[in-house]
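**Student:** Below you'll find the structure I mean.
What follows is the structure in structure tokens.
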């Protein structure tokens with residue numbers, strides 16, 4: 099069975115090694131010897147490196163399960179599967195055993211984890227037909243990850259969900275790349291927050307440099323950020339917050355039905371609706387983190403508040419005018435101004451949040467095509483392999 103690692107963001111310190119045919123994993127001490135079987139496989143895309151050169155390490159991720167997305171505390175829960183593979187020339191001539199104390203290791207860890215991670219690891223040694231040998235680690239990681247939420251388009255926002263894989267080695271010693279021949283994946287059928295979010299299927303891999311301080315001075319560490327995305331389902335917020343606020347503003351127009359001379363009645367109705375709208379504003383504040391900028395929903399509610407304030411100012415001065423024509427003009431003017439503001443907010447949503455959603459949906463389609471091409475190529479390879487075996491027998 100897979101061996102458990104220490105419960106932290108660290109993925110590995112010393113490699114635990116497993117043959118592809120065997121199931122049990124032996125956690126090796128620095129002076130232990132490694133027994134392994136040589137496995138034929140299709141050549142990975144990693145080119146061989148000479149000793150002392152910058153090592154090329156390929157990484158692949160599968161988001162096996164994504165749990166709660168907490169925008170207030172800016173984090174999300176997830177279970178991920180990581181494959182890490184690199185060329186190991188020291189094993190090219192090995193037949194059965196090798197001293198593991200001299201083996202190179204990428205020393206990877208998850209940079210944006212929160213608290214301890216539940217971690218299991220398996221290791222395979224792969225020898226391809228050309229004779230090159232590769233070490234491949236498989237990590238199962240579960241925990242909570244930090245993510246800086248962008249809420250300017252709330253509740254039409256799309257959030258990045260990122261797992262950052264980083265190496266403790268300096269950037270001059272390691273080069274992290276996304277695994278080219280096997281695409282990353284997101285398993286959407288295990289998503290636990292589907293009532294509030296729509297989980298996208300694509301994964302973007304971005305190389306980065308993380309600056310850190312150590313006892314020998316500042317260092318640059320190589321990192322790879324794997325990002326999938328989730329789009330908020332905005333119907334709940336539009337119906338329960340914005341629509342209610344819109345109805346309150348519409349009801350405020352009923353004050354014009356009262357006699358102009360009954361100023362106290364008009365002001366009482368307007369102030370009641372204003373205080374109710376302010377209460378809804380506090381409800382929204384409890385749904386999102388404390389940020390230094392306004393969201394789209396904030397702007398919509400503040401616009402409704404401003405509209406109600408203007409109505410109160412008008413009603414407080416309307417007693418000076420006796421003309422019904424001025425009253426009718428005020429009704430038309432306030433209605434036109436309000437719906438003009440609603441149209442401006444709608445255009446902002448279309449030009450900002452919706453445009454980003456369309457671009458992300460296009461990424462989903464491209465990723466699905468890539469997965470289909472990979473599945474088709476894998477099926478053709480298995481079919482050709484089966485045919486060659488039958489011909490050989």
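Numbering (the working numbering), first residue to last: 99 to 491.
By construction, the Cβ of each residue, glycine as well, lies at the ideal position given by its N, Cα and C atoms.
Quick check on residue 282: does DSSP put it in helix, strand or coil?
**Tutor:** Translated into positions along the chain shown, residue 282 becomes position 184. Looking at residue 282 - three-state DSSP - the assignment turns out to be coil, as it is neither helix nor strand.
**Student:** Are the beta-carbon atoms belonging to residue 330 and residue 260 less than 7 Å from one another?
**Tutor:** If you number the chain shown from 1, residue 330 lands on position 232. If you number the chain shown from 1, residue 260 lands on position 162. Their beta carbons are not under 7 Å apart, which means residue 330 does not touch residue 260 by this criterion.
**Student:** Go ahead and pull the three-state DSSP assignment for residue 243.
**Tutor:** Start at 1 with the first residue of the chain shown, and residue 243 comes out as number 145. Here residue 243 sits in strand by DSSP.
**Student:** Residues in its own chain within less than 6 Å of residue 275 by CB, not counting five upstream and five downstream?
**Tutor:** Here residue 275 corresponds to residue number 177 of the chain shown, with the count starting at 1. Taken in chain order, the residues that qualify are 156.
**Student:** Measure the C-alpha to C-alpha separation of residue 338 and residue 379 and round it to an integer number of angstroms.
**Tutor:** Taking the chain shown and counting its residues from 1, one reaches residue 338 at position 240. Taking the chain shown and counting its residues from 1, one reaches residue 379 at position 281. Roughly 12 Å between the two C-alpha positions.
**Student:** Any contact of the segment 339-346 with the segment 399-417, i.e. 3+ C-beta pairs under 8 Å?
**Tutor:** With the cut-off at 8 Å, the segment 339-346 and the segment 399-417 touch.
**Student:** For residue 124 and residue 475, I'd like the C-alpha separation in whole angstroms.
**Tutor:** The count along the chain shown starts at 1 and reaches residue 124 at position 26. The count along the chain shown starts at 1 and reaches residue 475 at position 377. Reliability of the predicted coordinates at residue 124 is poor, the pLDDT of 29 falling under 50, and the value obtained from them is presented with this limitation in mind. Roughly 34 Å separates the two Cα atoms.
**Student:** Can you tell me which of the three DSSP states residue 344 falls into?
**Tutor:** Taking the chain shown and counting its residues from 1, the one referred to as residue 344 is at position 246. Residue 344: helix per DSSP, three-state reduction.
**Student:** Are the Cβ atoms of residue 207 and residue 282 separated by less than 7 Å?
**Tutor:** Here residue 207 refers to the residue found at position 109 of the chain shown. Here residue 282 refers to the residue found at position 184 of the chain shown. In this structure, residue 282 does not lie closer than 7 Å to residue 207 by Cβ.
**Student:** Any chance the segment 251-260 sits against the segment 382-394, with 3 or more Cβ pairs inside 8 Å?
**Tutor:** The segment 251-260, when compared against the segment 382-394, does touch it at the 8 Å Cβ threshold.
**Student:** Could you give the uninterrupted runs of the alpha helix (DSSP H) lying entirely in the segment 390-454, keeping only those of 4 residues or more?
**Tutor:** As far as the segment 390-454 is concerned, its whole alpha helix (DSSP H) runs of at least 4 residues are 394-415, 422-447.
**Student:** Out of curiosity, what's the CA-to-CA distance linking residue 406 and residue 236?
**Tutor:** As a working mapping, residue 406 is identified with position 308 in the chain shown. As a working mapping, residue 236 is identified with position 138 in the chain shown. Cα-Cα distance, rounded: 60 Å.
**Student:** Give me the Cβ distance between residue 365 and residue 350, rounded to the nearest whole Å; I'm assuming they're in contact under 8 Å.
**Tutor:** Working through the chain shown from its first residue, we reach residue 365 at position 267. Working through the chain shown from its first residue, we reach residue 350 at position 252. Actually they are not in contact, since the Cβ atoms of residue 365 and residue 350 sit about 11 Å apart, beyond 8 Å.
**Student:** Under the rule that 16 or more other beta-carbon atoms within 10 Å means buried, what is residue 464, buried or exposed?
**Tutor:** Taking the chain shown and counting its residues from 1, one reaches residue 464 at position 366. Classification for residue 464: exposed.
**Student:** Which of helix, strand or coil does DSSP assign to residue 101?
**Tutor:** Sequence index remark: in the chain shown, residue 101 carries index 3 (1-based). Only weak support exists for where residue 101 lies, its pLDDT of 42 falling under 50; the value from the coordinates is given anyway. Reduced to three states, the DSSP call for residue 101 is strand.
**Student:** Determine, using beta-carbon pairs with one atom in the segment 284-297 and one in the segment 213-230, whether at least three such pairs fall under 8 Å.
**Tutor:** Too few Cβ pairs lie closer than 8 Å, so no.
**Student:** Can you name the residues that DSSP bridges to residue 322?
**Tutor:** Within the chain shown, the letter at position 224 stands for residue 322. Partner(s): 263, 305.
**Student:** Between the segment 179-189 and the segment 298-313, can you find at least three pairs of beta-carbon atoms closer than 8 Å?
**Tutor:** They do not touch, by the three-pair rule.
**Student:** Write down the C-beta distance between residue 245 and residue 174 rounded to the nearest angstrom, noting that I regard them as a contact closer than 8 Å.
**Tutor:** Translated into positions along the chain shown, residue 245 becomes position 147. Translated into positions along the chain shown, residue 174 becomes position 76. Yes, residue 245 and residue 174 are in contact; Cβ-Cβ is about 6 Å, under 8 Å.
**Student:** Nearest-angstrom Cα distance between residue 143 and residue 384?
**Tutor:** Along the chain shown, one-based indexing puts residue 143 at 45. Along the chain shown, one-based indexing puts residue 384 at 286. In this prediction, residue 143 scores a pLDDT of 42, lower than 50, which makes its location untrustworthy; no coordinate-derived value is stated.
**Student:** Between 296, 335, 183, 431, which has its C-alpha nearest residue 233's C-alpha?
**Tutor:** For the purposes of this step, residue 233 is taken as residue 135 along the chain shown, with counting starting at 1. When each option's Cα is compared against that of residue 233, the closest is 183.
**Student:** Residue 369 by DSSP, collapsed to three states: which one?
**Tutor:** The sequence position of residue 369 within the chain shown is 271, counting from 1. Here residue 369 sits in helix by DSSP.
**Student:** Could you have a look at residue 387 and say whether DSSP puts it in helix, strand or coil?
**Tutor:** For the purposes of this step, residue 387 is identified with residue 289 of the chain shown, where counting begins at 1. DSSP places residue 387 in coil when its eight states are reduced to three.
**Student:** Can you grab the Cα-Cα spacing for the pair residue 411 / residue 354, in whole Å?
**Tutor:** Here the question's residue 411 lines up with position 313 in the chain shown. Here the question's residue 354 lines up with position 256 in the chain shown. If you take the alpha carbons of residue 411 and residue 354, they lie about 13 Å apart.
**Student:** Around the Cβ of residue 368, are there at least 16 other Cβ atoms within 10 angstroms (buried) or fewer (exposed)?
**Tutor:** By 1-based counting over the chain shown, the position of residue 368 is 270. Classification of residue 368: buried, given that the 10 Å Cβ count is 16 or more.
**Student:** Is the separation between the beta-carbon of residue 170 and that of residue 239 shorter than 7 Å?
**Tutor:** Here the question's residue 170 lines up with position 72 in the chain shown. Here the question's residue 239 lines up with position 141 in the chain shown. Their beta carbons are not under 7 Å apart, which means residue 170 does not touch residue 239 by this criterion.
**Student:** Just to confirm before moving on: does the CB-CB distance between residue 462 and residue 299 stay below 7 Å?
**Tutor:** Reading the chain shown from its first residue, position 364 is the one you call residue 462. Reading the chain shown from its first residue, position 201 is the one you call residue 299. The answer is yes: Cβ separation under 7 Å.
**Student:** Using 10 angstroms around the beta-carbon of residue 151, count the other beta-carbons present and answer buried if the total reaches 16, otherwise exposed.
**Tutor:** Position 53 of the chain shown, counted from the first residue, corresponds to residue 151. Exposed, because fewer than 16 other Cβ atoms sit within 10 Å of the Cβ of residue 151.
**Student:** Using the Cα positions of residue 347 and residue 216, report the straight-line distance between them to the nearest angstrom.
**Tutor:** Here residue 347 corresponds to residue number 249 of the chain shown, with the count starting at 1. Here residue 216 corresponds to residue number 118 of the chain shown, with the count starting at 1. About 51 Å.
**Student:** Among 291, 294, 468, 321, which residue has its Cα nearest to the Cα of residue 305?
**Tutor:** Stepping through the chain shown from its first residue, residue 305 is reached at position 207. Among 291, 294, 468, 321, the Cα nearest to that of residue 305 belongs to 321.
**Student:** Since residue 269 and residue 318 should fall inside the 8 Å C-beta cutoff, what is the C-beta to C-beta distance between them, to a whole number of angstroms?
**Tutor:** On the chain shown, residue 269 is found 171 positions in, with the first residue counted as 1. On the chain shown, residue 318 is found 220 positions in, with the first residue counted as 1. Confirmed, about 4 Å.
**Student:** Once DSSP output is grouped into helix, strand and coil, what is the label at residue 184?
**Tutor:** Start at 1 with the first residue of the chain shown, and residue 184 comes out as number 86. Residue state, collapsed to three classes: strand.
**Student:** Roughly how many angstroms lie between the CA atoms of residue 328 and residue 360, to the nearest whole one?
**Tutor:** For the purposes of this step, residue 328 is taken as residue 230 along the chain shown, with counting starting at 1. For the purposes of this step, residue 360 is taken as residue 262 along the chain shown, with counting starting at 1. Taking the straight line from one Cα to the other gives about 52 Å.
**Student:** CB-CB under 8 Å to residue 374, same chain, minus the five flanking residues each way: which ones, in chain order?
**Tutor:** Reading the chain shown from its first residue, position 276 is the one you call residue 374. Taken in chain order, the residues that qualify are 346.
**Student:** Tell me, which residues are paired with residue 71 by DSSP?
**Tutor:** The first residue shown for the chain is 99 and the last is 491, placing residue 71 beyond what the model contains.
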